[in-house]
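Colleague: Chains as they are written, first to last, in my numbering: chain A, 1 to 308; chain B, 309 to 820.
Cβ atoms here follow ideal geometry from the backbone N, Cα and C, with glycine treated the same way.
Let me give you the structure first, and then I'll get to my questions.
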Amino acid sequence: MTVQQTLRLCAILLAMAPVLVKAQSPTDGLLMKKRELCNLLQYNQSNWSEYWQGTTKRSNSNLGTVTNQNVMLMSAYGITNKLNALVALPWVRTSSDVSYLQGQRGIQDLSLWLKWQPYQIKMGKNELRFQTTGGLSTPASNYFADFLPFSIGLKSKTASLRAIAHFTTGMGIYVTAQAGHTWRSHVHLNRDSYLYHNELIYSNEVPVPNWFDATVRLGILKPKFQIELWGDRSTGLTGDDIRYNDGPMLTNKMQATSVGAWAKYWVIKQLAVSVGGSSVLDGRNVGQSTGWNAGVFYLVDFNKKASN
Amino acid sequence: MKNINIRTFFFAGLILFSACKKTPEALINPPYAETSLDNNGGNWKTIILTNGSEISVPTPVAAGSDLYQSEITALKATMSTASDENKEAVQYWGANGVVRWHEIARELAANYNAAPNYNADGTYPVPDANNPTAYPRFPFANPPYASRAFALLAVAQYDALVTAWKAKFAHNRLAPYKNDTSVQPLLPTNDLPSYPSEDAVVAAASREVLKFLFPGEKPYLDELSTEHKNTRLWGGMNVQSDIDAGDSLGVAVAKRIIAYAKTDRMSAANKQVDYPLLKADATARGITTQWRSLEIPARPPLLPFFGNVKPWNFNDTTKVAIRPPAPPLPGSAQFEADLAEMRDLAKNRTTEQYRIAAYWADGVGSYTPPGHWNRKATEYIYEKQLNEIRSARAMALLTTAIQDAGIACWNTKYYYLSQRPTDIDASLKTATGIPNFPGYVSGHSTFSGAAAEVLAFIFPDKAAEVRNMALEASESRIYGGIHFRVDCEVGLEFGKRIGGFAVERGRNDGAQ
Numbered sequence: 001m002t003v004q005q006t007l008r009l010c011a012i013l014l015a016m017a018p019v020l021v022k023a024q025s026p027t028d029g030l031l032m033k034k035r036e037l038c039n040l041l042q043y044n045q046s047n048w049s050e051y052w053q054g055t056t057k058r059s060n061s062n063l064g065t066v067t068n069q070n071v072m073l074m075s076a077y078g079i080t081n082k083l084n085a086l087v088a089l090p091w092v093r094t095s096s097d098v099s100y101l102q103g104q105r106g107i108q109d110l111s112l113w114l115k116w117q118p119y120q121i122k123m124g125k126n127e128l129r130f131q132t133t134g135g136l137s138t139p140a141s142n143y144f145a146d147f148l149p150f151s152i153g154l155k156s157k158t159a160s161l162r163a164i165a166h167f168t169t170g171m172g173i174y175v176t177a178q179a180g181h182t183w184r185s186h187v188h189l190n191r192d193s194y195l196y197h198n199e200l201i202y203s204n205e206v207p208v209p210n211w212f213d214a215t216v217r218l219g220i221l222k223p224k225f226q227i228e229l230w231g232d233r234s235t236g237l238t239g240d241d242i243r244y245n246d247g248p249m250l251t252n253k254m255q256a257t258s259v260g261a262w263a264k265y266w267v268i269k270q271l272a273v274s275v276g277g278s279s280v281l282d283g284r285n286v287g288q289s290t291g292w293n294a295g296v297f298y299l300v301d302f303n304k305k306a307s308n
Numbered sequence: 309m310k311n312i313n314i315r316t317f318f319f320a321g322l323i324l325f326s327a328c329k330k331t332p333e334a335l336i337n338p339p340y341a342e343t344s345l346d347n348n349g350g351n352w353k354t355i356i357l358t359n360g361s362e363i364s365v366p367t368p369v370a371a372g373s374d375l376y377q378s379e380i381t382a383l384k385a386t387m388s389t390a391s392d393e394n395k396e397a398v399q400y401w402g403a404n405g406v407v408r409w410h411e412i413a414r415e416l417a418a419n420y421n422a423a424p425n426y427n428a429d430g431t432y433p434v435p436d437a438n439n440p441t442a443y444p445r446f447p448f449a450n451p452p453y454a455s456r457a458f459a460l461l462a463v464a465q466y467d468a469l470v471t472a473w474k475a476k477f478a479h480n481r482l483a484p485y486k487n488d489t490s491v492q493p494l495l496p497t498n499d500l501p502s503y504p505s506e507d508a509v510v511a512a513a514s515r516e517v518l519k520f521l522f523p524g525e526k527p528y529l530d531e532l533s534t535e536h537k538n539t540r541l542w543g544g545m546n547v548q549s550d551i552d553a554g555d556s557l558g559v560a561v562a563k564r565i566i567a568y569a570k571t572d573r574m575s576a577a578n579k580q581v582d583y584p585l586l587k588a589d590a591t592a593r594g595i596t597t598q599w600r601s602l603e604i605p606a607r608p609p610l611l612p613f614f615g616n617v618k619p620w621n622f623n624d625t626t627k628v629a630i631r632p633p634a635p636p637l638p639g640s641a642q643f644e645a646d647l648a649e650m651r652d653l654a655k656n657r658t659t660e661q662y663r664i665a666a667y668w669a670d671g672v673g674s675y676t677p678p679g680h681w682n683r684k685a686t687e688y689i690y691e692k693q694l695n696e697i698r699s700a701r702a703m704a705l706l707t708t709a710i711q712d713a714g715i716a717c718w719n720t721k722y723y724y725l726s727q728r729p730t731d732i733d734a735s736l737k738t739a740t741g742i743p744n745f746p747g748y749v750s751g752h753s754t755f756s757g758a759a760a761e762v763l764a765f766i767f768p769d770k771a772a773e774v775r776n777m778a779l780e781a782s783e784s785r786i787y788g789g790i791h792f793r794v795d796c797e798v799g800l801e802f803g804k805r806i807g808g809f810a811v812e813r814g815r816n817d818g819a820q
């Protein structure tokens with residue numbers, strides 16, 4: 001009973017904005033069965049020393065290497081075989097080996113999703129599934145967002161909607177394609193003016209760009225293990241660029257194209273371990289990060305408990 | 309008539325955006341009827357000009373003349389062609405031209421507030437006034453540069469308006485809507501003589517001074533100035549000769565201010581080749597542990613000779629005489645207590661301390677601390693609905709005090725070359741960027757102390773508020789982890805004293 005992958009983007013986009021960490025399971029093609037609960041504890045670490053100031057790649061000797069570490073708790077529960085509820089909460093820590101700016105740490109955003117599979121087509125041993133995920137998130141602590149790249153998040157409330165197509169063969173080989181849109185609320189700064197597209201805005205209220213992301217996965221899923229390769233494109237839909245020799249800002253249009261690999265192995269029936277890695281190939285207003293993650297999955301089957 | 313109307317376009321854009329709740333609204337203040345005209349304003353003491361009569365304004369044609377009547381006819385024709393966009397611009401500029409141009413200056417300062425990035429060989433490029441649009445753009449509008457920019461702008465506006473007032477009440481030409489009641493003005497009316505147009509005076513003086521300060525923005529400033537002047541026609545507030553005379557006067561005054569600026573010793577403020585001499589001088593005075601740049605690669609210190617720039621409200625002798633005493637030395641009880649406070653802060657900085665540090669940081673990409681106080685002053689001007697000349701006086705007193713604070717503060721910084729907490733203990737982490745110049749005394753504290761004293765003088769009912777704000781601004785640098793307490797406390801008191809010189813000018817300028 002596989003389920004979760006995780007924080008893939010965290011490995012990626014954490015880059016500039018740790019907040020863009022996203023739980024992946026809302027974006028994969030898998031579902032928990034009814035009355036099954038899967039819990040995940042995952043550690044992610046990523047770092048970057050080069051970043052894109054707008055579309056210009058550069059390094060900054062006063063920033064050095066920026067590291068993002070996070071520990072994520074995530075659970076997925078099968079309300080029915082076709083409807084899952086997911087919840088996630090990461091703790092994030094940022095740091096640099098050079099900068100004098102104080103690295104930040106704390107609980108980031110609480111996320112909640114519902115994932116539904118309204119339609120599937122059986123084609124012999126193969127199957128094509130269509131799913132949709134709706135999600136909400138909200139900051140879970142009073143962290144300091146206007147401190148990029150060291151903020152642990154963007155502090156924006158979000159709502160997201162995505163569509164997923166998942167094709168699997170009888171051999172367990174699968175292909176998943178997903179695309180999602182995330183709406184982000186305005187956030188409030190601790191200051192009352194800022195530049196936005198070179199205009200001086202006299203307000204503490206900042207628009208954070210909405211977000212589009214799309215992912216393609218190719219993998220194999222067997223009773224004992226799962227291996228997956230993936231590619232992802234994420235982009236802010238509005239926003240400005242990092243100013244010349246300035247720090248990143250919540251209004252920036254962040255983009256990243258990234259790839260990664262991930263594997264999971266079931267040690268015993270209820271317990272699996274996973275490892276993964278990722279790398280940003282191209283971007284805008286984000287760091288070119290590479291990252292890895294390791295997780296432990298623990299499955300609880302309430303069907304069996306009930307029948308026992 | 310094709311008018312490039314950036315402001316209105318900008319506002320239209322904002323309104324469009326806010327309709328879909330995507331961009332917060334900008335600062336929009338409606339026009340108001342001034343509570344007083346200050347008929348005596350032409351006799352107020354000027355700052356650079358000898359007095360309000362030094363630059364003469366030609367006698368206008370009589371209101372009853374054919375020439376004037378043809379201007380009224382032309383005015384009505386122009387008014388009838390004004391689009392909704394033009395009328396929005398009338399409201400925008402009609403709210404207070406002096407303040408609008410300070411808003412423009414603040415926006416320019418914020419946009420130009422970017423320190424040059426290092427070259428591959430570890431050196432830093434220097435912005436070039438002759439090639440202002442190439443990166444690193446000229447100017448780097450750091451706090452001292454911005455303080456001087458705001459002051460030059462304000463002094464130009466003020467001296468030009470005193471001269472304008474002098475001419476207005478000498479010639480006493482009534483506004484077009486008083487000479488011809490069929491002219492329906494779009495803005496609140498008053499009894500102020502309309503020749504020369506105070507708006508054209510402000511537009512021209514501001515435009516010319518800002519072109520000097522931000523030479524890469526000449527086309528933009530021309531567009532703004534043209535729009536500002538046109539709004540006086542669209543709105544039925546001035547005839548063309550009011551505006552032409554105002555523009556000529558504004559240009560003439562700006563020339564005087566720019567001539568002053570060319571000799572105020574700013575041109576030597578970044579003379580890095582002399583920095584070793586400055587350091588040697590400090591060494592000779594026994595200051596052997598000296599500030600150094602923590603940036604990688606080490607960045608040349610920010611304007612090490614800004615402290616030699618000519619002050620507005622006192623002379624060089626006074627500047628040296630009022631310089632604060634040397635900061636406490638390592639090993640002294642006060643120094644160790646201050647260091648202990650910084651170490652504790654780095655470990656236990658609270659959310660509220662982060663908030664205060666961020667609110668007052670006014671760092672890269674902002675209008676700087678001088679801009680923060682500039683904005684505060686303009687908010688009070690709106691609240692009190694000051695007329696143009698009184699607004700200009702308030703801004704001139706404030707901004708000259710703030711530049712004086714910058715000069716005296718920089719003089720102190722580079723006299724003692726004192727280290728910041730992070731120089732002493734490299735393990736300390738900060739909540740804001742570490743400025744690239746010596747610590748003692750704090751620039752934010754000195755700027756804010758001076759600004760608060762002037763604002764308390766001009767707006768007595770705001771005295772407690774501005775002094776509390778200045779204290780918070782000062783302490784924000786401790787919370788940020790970049791200044792010892794002594795830097796801030798001494799800087800704040802120093803700033804108050806410096807502000808007192810501008811207050812003294814204000815007490816004696818004939819306006820009080």
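Do we get a CB-CB distance below 8 Å when we pair A/Ser322 with the residues of chain B?
Modeller: No statement about residue 322 of chain A is possible, as the shown extent of chain A runs from 1 to 308 and does not include it.
Colleague: Could you give the DSSP three-state label for B/Val811: helix, strand or coil?
Modeller: Helix.
Colleague: Looking only at DSSP bridge pairs, what is A/Gln42 linked to?
Modeller: DSSP output for A/Gln42 lists A/Met72 and A/Gly295 as bridge partner(s).
Colleague: Considering just the uninterrupted stretch of the alpha helix (DSSP H) at B/Gln693, what are its terminal residues?
Modeller: B/Gln693 -> no alpha helix (DSSP H), and no H or E assigned at all.
Colleague: So is A/Ile242 buried or exposed if we call it buried at 16+ other beta carbons inside 10 Å?
Modeller: Per the 10 Å Cβ criterion, buried.
Colleague: What's the C-alpha gap between A/Asn84 and A/Gln226?
Modeller: The alpha-carbon atoms of A/Asn84 and A/Gln226 are separated by roughly 20 Å.
Colleague: Quick one: Cα of B/Pro584 to Cα of B/Gly524, how far?
Modeller: Approximately 32 Å, taken between the alpha carbons.
Colleague: With 16 other CB atoms within 10 Å as the buried threshold, where does A/Thr215 fall?
Modeller: The residue is buried, with at least 16 neighbouring Cβ atoms inside 10 Å.
Colleague: Please report whether the beta-carbon of B/Gly673 lies at a distance below 8 Å from any beta-carbon of chain A.
Modeller: Yes, because at least one Cβ of chain A sits closer than 8 Å to the Cβ of B/Gly673.
Colleague: Quick test of your reading: B/Gly751 and B/Pro636, contact by CB under 8 Å. State the CB separation rounded to the nearest angstrom.
Modeller: Contact flag wrong, Cβ pair sits at about 19 Å.
Colleague: I'd like the ranges of any alpha helix (DSSP H) spanning at least 4 consecutive residues and lying wholly in the region 536-608 of chain B.
Modeller: Listed in chain order, they are 548-570 and 583-592.
Colleague: Could you check what DSSP says for B/Lys737 in three-state terms: helix, strand or coil?
Modeller: Coil.
Colleague: If you run the structure through DSSP and keep just helix, strand and coil, what is B/Ala442?
Modeller: DSSP places B/Ala442 in coil when its eight states are reduced to three.
Colleague: Pull the bridge partners of A/His188 from the DSSP assignment, please.
Modeller: BP columns for A/His188 point to A/Glu205.
Colleague: Please classify B/Gln642: does DSSP put it in a helix, a strand, or coil?
Modeller: Here B/Gln642 sits in helix by DSSP.
Colleague: Here's the rule: buried if 16 or more other CB atoms are within 10 angstroms of the residue's CB, otherwise exposed. What is A/Leu73?
Modeller: With fewer than 16 other Cβ atoms within 10 Å, it is exposed.
Colleague: Measuring only the C-alpha atoms, how far is A/Val21 from A/Glu228?
Modeller: At A/Val21 the pLDDT is 36, less than 50, meaning the model places this residue with poor confidence; the figure from the coordinates comes in the next sentence. One C-alpha to the other measures close to 19 Å.
Colleague: Give a yes or no on contact between the region 168-184 of chain A and the region 24-44 of chain A, applying the rule of three or more CB pairs nearer than 8 Å.
Modeller: With the cut-off at 8 Å, the region 168-184 of chain A and the region 24-44 of chain A touch.
Colleague: Cutting at 8 Å between CB atoms, please list the residues of its own chain near A/Tyr119, excluding the five before and the five after it.
Modeller: Excluding positions up to five away in sequence, the list reads Arg129 and Phe130.
Colleague: Nearest-angstrom Cα distance between A/Leu37 and A/Trp113?
Modeller: Straight-line Cα distance between these residues: approximately 14 Å.
Colleague: Quick one: give me the first and last residue of the beta strand (DSSP E) that A/Phe225 is part of.
Modeller: Where A/Phe225 is concerned, the enclosing beta strand (DSSP E) stretches over Phe225 to Gly236.
Colleague: Mind checking whether B/Ile742 and B/Leu647 have CB atoms under 8 Å apart?
Modeller: Cβ distance not < 8 Å, so B/Ile742 and B/Leu647 don't count as in contact.
Colleague: Considering just the uninterrupted stretch of the alpha helix (DSSP H) at B/Asp507, what are its terminal residues?
Modeller: Glu506 to Leu521 is the span of the alpha helix (DSSP H), which, as asked, contains B/Asp507.
Colleague: Between which residues of its own chain and B/Asp392 is the CB-CB distance below 7 Å, once the five residues before and five after are set aside?
Modeller: Around B/Asp392: no qualifying Cβ.
Colleague: Hey, is B/Pro424's beta-carbon within less than 8 Å of any beta-carbon in chain A?
Modeller: Chain A, which has a Cβ nearer than 8 Å to the Cβ of B/Pro424, makes this yes.
Colleague: Answer yes or no: does any C-beta atom of chain A fall closer than 8 Å to that of B/Lys737?
Modeller: Yes, B/Lys737 counts as interfacial toward chain A.
Colleague: Considering just the uninterrupted stretch of the alpha helix (DSSP H) at B/Met387, what are its terminal residues?
Modeller: Looking at the DSSP string, the run of the alpha helix (DSSP H) that includes B/Met387 is Asp374 to Thr389.
Colleague: Quick test of your reading: B/Ala562 and B/Glu516, contact by CB under 8 Å. State the CB separation rounded to the nearest angstrom.
Modeller: Right, their Cβ atoms sit about 3 Å apart.
Colleague: Under three-state DSSP, which class holds B/Val491?
Modeller: In this structure, B/Val491 counts as coil in the three-state DSSP scheme.
Colleague: Relative to the C-alpha of B/Leu495, which residue among B/Leu461, B/Tyr400, B/Glu660 and B/Arg414 is closest?
Modeller: Cα-wise, what sits closest to B/Leu495 is B/Tyr400.
Colleague: Can you tell me the Cβ-Cβ gap for B/Ser514 and B/Ala464, rounded? I've got them flagged as a contact below 8 Å.
Modeller: With a Cβ gap of about 7 Å, B/Ser514 and B/Ala464 count as contacting.
Colleague: Using a Cβ-Cβ distance under 8 Å, would B/Leu335 count as near chain A?
Modeller: Only weak support is given to the placement of B/Leu335: the predicted model assigns it a pLDDT of 49, under 50, and the question is left unresolved by the model.
Colleague: Taking the alpha-carbon positions, what's the A/Leu161 to B/Thr720 distance?
Modeller: About 58 Å.
Colleague: Given that A/Asn285 touches chain B, what residues does it touch there, using C-beta distances under 8 Å?
Modeller: Near A/Asn285 there are no residues of chain B at all, since even the closest Cβ is about 14 Å away, more than 8 Å.
Colleague: Please tell me whether B/Ala341 and B/Asn498 are closer than 8 Å, where the distance is taken between their beta carbons.
Modeller: Yes, Cβ-Cβ distance for B/Ala341 and B/Asn498 is below 8 Å.
Colleague: For A/His166, count the other beta carbons within 10 Å of its own beta carbon; 16 or more makes it buried, fewer makes it exposed. Which is it?
Modeller: The residue is buried, with at least 16 neighbouring Cβ atoms inside 10 Å.
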